[in-house]
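Residue numbers (the working numbering): 130 to 539. Working notes, beginning with the structure itself.
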Ligand SMILES: [Fe+2]
């Protein structure tokens, strides 16, 4: 059923706020410690402290040695301190502590990734469009902290309205501390994340394994999962050309997906990006406005067997059935698209078109849990009250490149 379209102007898009009732970092810290680029052999810890602060960090691998090793620090952008830990053993608990001007935080504990290609059950936190500062984001953050995650992926729009340094501090790092002190965080860049100074505050806050200097797209492996973060937001040639189906990011993306599809040690391919390929929201950003991306990326994802495409941008939740060539197909015969834009940003007036491709679409604040095992991904979507609003299963999809056996054949 097509519901009458609505238009949204500034009046129905309220201003983000700073989080009320969420403790600030101790005075010696502007941002509490957070993990970045955790792999099967290394990890980085970042935090922000005031200018002139005297900082230190220590770490240990309790299974190997109970004594604390001083870590080497360096700068990562204005005020951000960084330490790179490694070499670390795979699938092992690591602990660390940080001090700034005598204020100590920690110890925090996290687990390194399983060895690349090793079988492992993986629990992923998936969310997006979060950094608003309002009570909805705060309630969801509180629920996220109750759980243990192997890693988290974020589909972009981390801090509204512009992704400035202070917005990132107040509406992201403050809200989620200390969750991301013990959970690796992998972002896809959103359009709001590059508004301030071309995205420099974003670049100074996060690390990712960029394949070329200065780009915000990347890929990484976690056990038998291939993750791919696609940049649909930066104002660069790589992004504008992606929308035309060419250029450096497009070539890189095809190379990564082709390699993963042919790699017997990859069970799952999960792509995450800010702009959705399927959105059934009417009236603002989704719907037909990203038709160019859909036209360019869907054939690639369907050819090389992407199992799950996660996106945000529109501030609601929806999940499609498996789709191939524009049609609903059986489980395991096409990618499933999950739009998780309900992480806390204003749920502006919005109606949703119901089509046969949509399994569920809801105007709800939410985040998604993904439990990945050898033969399926089990998803559960929770709202701000902790109620399960969607449950689903994704089966492995081989892609048309591999030839489609049995039930998937045309
Ligand atoms: Fe967005």
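Just so you know, even glycine gets a beta-carbon here, dropped at the ideal spot from N, CA and C. Here the structure is a predicted model, which means the values were calculated and not measured.
Leaving out five residues before and five after residue i in sequence, what residues of the same chain have Cβ atoms less than 7 Å from its Cβ?
i, result
"residue 306", "154, 161"
"residue 268", "513"
"residue 495", "446, 469, 471, 510, 511, 512, 518"
"residue 333", "205, 206, 207, 209"
"residue 420", "none"
Write down the C-beta distance between residue i and residue j rounded to the nearest angstrom, noting that I regard them as a contact closer than 8 Å.
i, j, result
"residue 318", "residue 249", "With a Cβ gap of about 28 Å, residue 318 and residue 249 do not count as contacting."
"residue 314", "residue 164", "7 Å"
"residue 361", "residue 422", "6 Å"
"residue 260", "residue 288", "4 Å"
"residue 358", "residue 401", "6 Å"
"residue 310", "residue 237", "4 Å"
"residue 224", "residue 191", "6 Å"
"residue 425", "residue 371", "7 Å"
"residue 346", "residue 378", "6 Å"
With a threshold of 7 Å (Cβ to nearest heavy atom), would residue i be considered close to ligand 1?
i, result
"residue 445", "no"
"residue 286", "yes"
"residue 321", "yes"
"residue 291", "no"
"residue 301", "no"
"residue 403", "yes"
"residue 283", "no"
"residue 442", "yes"
Please name the residue in the options whose C-alpha comes closest to that of residue i.
i, options, result
"residue 320", "272, 257, 170", "257"
"residue 230", "386, 183, 358", "183"
"residue 278", "159, 351, 208", "351"
"residue 178", "166, 234, 144", "234"
"residue 486", "148, 264, 408, 219", "408"
"residue 366", "357, 343, 386", "343"
"residue 383", "394, 410, 310, 348", "348"
"residue 240", "214, 264, 528", "214"
"residue 281", "275, 274, 439, 254", "254"
"residue 443", "378, 432, 424, 491", "491"
"residue 170", "156, 243, 151", "243"
"residue 322", "312, 300, 341, 339", "300"
"residue 276", "181, 312, 294, 266", "312"
What does residue i pair with, by DSSP beta-bridge criteria?
i, result
"residue 84", "Only positions 130 to 539 of the chain appear in the structure, and residue 84 is not among them; the question remains open."
"residue 508", "499, 521"
"residue 199", "187"
"residue 466", "438"
"residue 354", "351, 397"
"residue 176", "210"
"residue 456", "453"
"residue 378", "Answer is none; residue 378 lacks a bridge partner."
Enumerate in chain order the residues of its own chain whose CB-to-CB distance from residue i is below 6 Å, with the five nearest sequence positions on each side excluded.
i, result
"residue 291", "324, 325"
"residue 185", "228"
"residue 458", "451"
"residue 336", "165, 166, 173"
For residue i, which residues from the same chain have a beta carbon less than 8 Å from its beta carbon, with the 5 sequence-adjacent residues on both sides left out?
i, result
"residue 397", "353, 354, 355, 436, 437, 501, 506, 525"
"residue 202", "184, 185, 186, 210, 211, 212"
"residue 462", "451, 453, 526, 533, 536, 537"
"residue 198", "187, 188, 189"
"residue 394", "245, 246, 353"
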